[in-house]
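Under the numbering used here, the letters of the sequence shown match residues -19 to 261, in that order. Beta carbons: idealized from backbone N, C-alpha and C, even for Gly.
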Amino acid sequence: MMIKNLFLPIFVFVLISGIWGISPASADILPWQMNFQEAVTPAMEHITSFHNMMLYIISGIVAFVTILLLYVIIRFNSKTNPVPSTTTHNVLLEVIWTVVPVIILIVIAVPSFKLLFFEARNPEPELTVKVVGYQWYWGYEYPENGDITITSNMLKDEEINPSKGQVRLLSVDNPMIIPVDTNVLFQVTASDVIHSFAVPQFGVKVDAVPGRLNSAWARVNKIGTYYGQCSELCGKGHGQMPIEIKVISKEDFAAWIQSQGGHLKSPTPPKPDVPASENNT
Ligand SMILES: [Cu+2]
-19 MMIKNLFLPI
-9 FVFVLISGIW
1 GISPASADIL
11 PWQMNFQEAV
21 TPAMEHITSF
31 HNMMLYIISG
41 IVAFVTILLL
51 YVIIRFNSKT
61 NPVPSTTTHN
71 VLLEVIWTVV
81 PVIILIVIAV
91 PSFKLLFFEA
101 RNPEPELTVK
111 VVGYQWYWGY
121 EYPENGDITI
131 TSNMLKDEEI
141 NPSKGQVRLL
151 SVDNPMIIPV
161 DTNVLFQVTA
171 SDVIHSFAVP
181 QFGVKVDAVP
191 GRLNSAWARV
201 NKIGTYYGQC
211 SELCGKGHGQ
221 MPIEIKVISK
231 EDFAAWIQSQ
241 GGHLKSPTPP
251 KPDVPASENN
261 T
């Protein structure tokens, strides 16, 4: 009985919070959470604002079509309008209902393409992490930092320690470690079947394909722990190969790299002064 009484208020709350974009400020995954998780990269911030703009447009279209339908149902049913009009053409109306949708599509297309190019641009990387999908775990390699290699396996239920902030089905034994406010280039591939490297708060989702090197980038602006999951059905352990990324300060990252026996990336050597003509050979 209680649940039945609560259903309507909860339903209305969910509807309203969805429309007005009420979302928790914390990056934690919460019960009844609405909307995307908090964006921590420029790409995800753009995705979130594009999504919000789309929500306004589609809400407007749905409301407009619903009002039109209701008007037709009430005003032109066989009782209120027994003798139907025989009109078949209206040039002005036809021009309007062709041109207006075209304008709406252009309004959507322009920011959509901008966003696509923004996500694909891979700005000057300061750190490169090679991400390799295996059945069923992830491998992270730091080729420019002394070939540090991490194997990242999901923690079993009995290994989870909530006091350490570990989360069932998402925490791993060895998370990927990256520094905050740094352009990170992910080079993504797989060793057996197709996997997909996806981290919602970074706005990153890229297929890990054997024999192919795909790429994605992130510049995380907030220290914290972020989670993702393999997003391409890859076999029996597909649901047990989560992605955990710890974003730490640059100083902590330098210390971590050293503790792993690696070194920080040497600054890019200056380009040799070769005249353009000799480059063409
Ligand atoms: Cu997978």
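(message) Does G(-2) pass the burial test, meaning 16 or more other C-beta atoms within 10 Å, or should it be called exposed?
(response) Note that G(-2) has pLDDT 49, beneath the 50 cutoff, so the model's placement of it is unreliable and the number below is only indicative. Exposed.
(message) ligand 1 and M221: does any heavy atom of the ligand fall closer than 7 Å to the residue's C-beta?
(response) yes
(message) Less than 8 Å between C-beta atoms, sequence neighbours within five positions excluded: which residues of the same chain meet that for I243?
(response) The question names Ile, but residue 243 in the sequence shown is His. Excluding sequence neighbours, H243 sits near N125, G126 and I237.
(message) Is H264 close to ligand 1? I mean its beta-carbon at under 7 Å from any heavy atom of the ligand.
(response) Residue 264 falls outside the range modelled here, since the chain spans only -19 to 261, and no answer is possible.
(message) Is the separation between the beta-carbon of E104 and that of V112 shorter than 8 Å?
(response) no
(request) Return the CA-CA distance between L50 and E139, expressed in angstroms with no decimal places. (result) 57 Å
(message) Considering only their Cβ atoms, is the gap separating I158 from V200 smaller than 8 Å?
(response) yes
(message) Suppose contacts are defined by Cβ-Cβ distances below 8 Å. Is L95 in contact with I41 by that definition?
(response) no
(message) Whole angstroms are fine: how far does the CA of T162 sit from the CA of S171?
(response) Going from the Cα of S171 to the Cα of T162 covers about 28 Å.
(message) Using the Cβ count rule (16 or more neighbours within 10 Å means buried), how would you classify Y117?
(response) buried
(message) So for S211, helix, strand or coil by DSSP?
(response) coil
(request) Whole angstroms is fine: what's the gap from V82's alpha carbon to L73's? (result) Going by the C-alpha atoms only, they are around 14 Å apart.
(request) Give every residue of the same chain whose Cβ lies closer than 7 Å to the Cβ of T131, excluding the five residues on either side of it in the sequence, and list them in chain order. (result) Y117, G119 and N154
(request) Return yes when at least one heavy atom of ligand 1 lies under 7 Å from the C-beta of G204, else no. (result) Result no, Cβ not under 7 Å from ligand 1.
(request) Look at L150 and P91 and say whether their C-beta atoms are less than 8 Å apart. (result) No; because the gap between Cβ atoms is not below 8 Å, this pair is not in contact.
(message) Taking a contact to mean a Cβ-Cβ separation below 8 Å, would you say M24 touches Q181 in this structure?
(response) Taking 8 Å as the Cβ cut-off, M24 and Q181 qualify as a contacting pair.
(message) Once DSSP output is grouped into helix, strand and coil, what is the label at S176?
(response) The DSSP-derived three-state label of S176 is strand.
(message) Let me check one thing: in DSSP terms, what residues is Y122 bridge-paired to?
(response) I128
(request) Determine the extent of the beta strand (DSSP E) in which Q238 is found, giving its start and end residues. (result) Segment K230 to S239 is the alpha helix (DSSP H) holding Q238; no beta strand (DSSP E) there.
(request) Please name the residue, chosen from Y114, V87 and V147, that lies closest to K216 on a Cα-to-Cα basis. (result) Taking each of Y114, V87 and V147 in turn and checking the Cα distance to K216, the smallest one comes out for Y114.
(request) In angstroms with no decimal places, state the Cα-to-Cα distance between S143 and V189. (result) Approximately 36 Å, taken between the alpha carbons.
(message) Only counting the same chain, and skipping five residues up and downstream in sequence, which positions put a Cβ closer than 7 Å to that of E212?
(response) I174, H175, S176 and D187
(request) Find the nearest neighbour of N194 within the set V109, G241, G204 and K136, judged by alpha-carbon distance. (result) V109
(request) Please find out if some non-hydrogen atom of ligand 1 comes closer than 7 Å to the beta-carbon of E212. (result) yes
(request) Pull up the distance between the alpha-carbon of S239 and that of M156, whole angstroms please. (result) 15 Å
(request) Have a look at I76, C214, A100 and I203 and flag the residue whose alpha-carbon is nearest the alpha-carbon of E231. (result) I203
(message) My output table needs one value for W12: the three-state DSSP class, helix, strand or coil.
(response) coil
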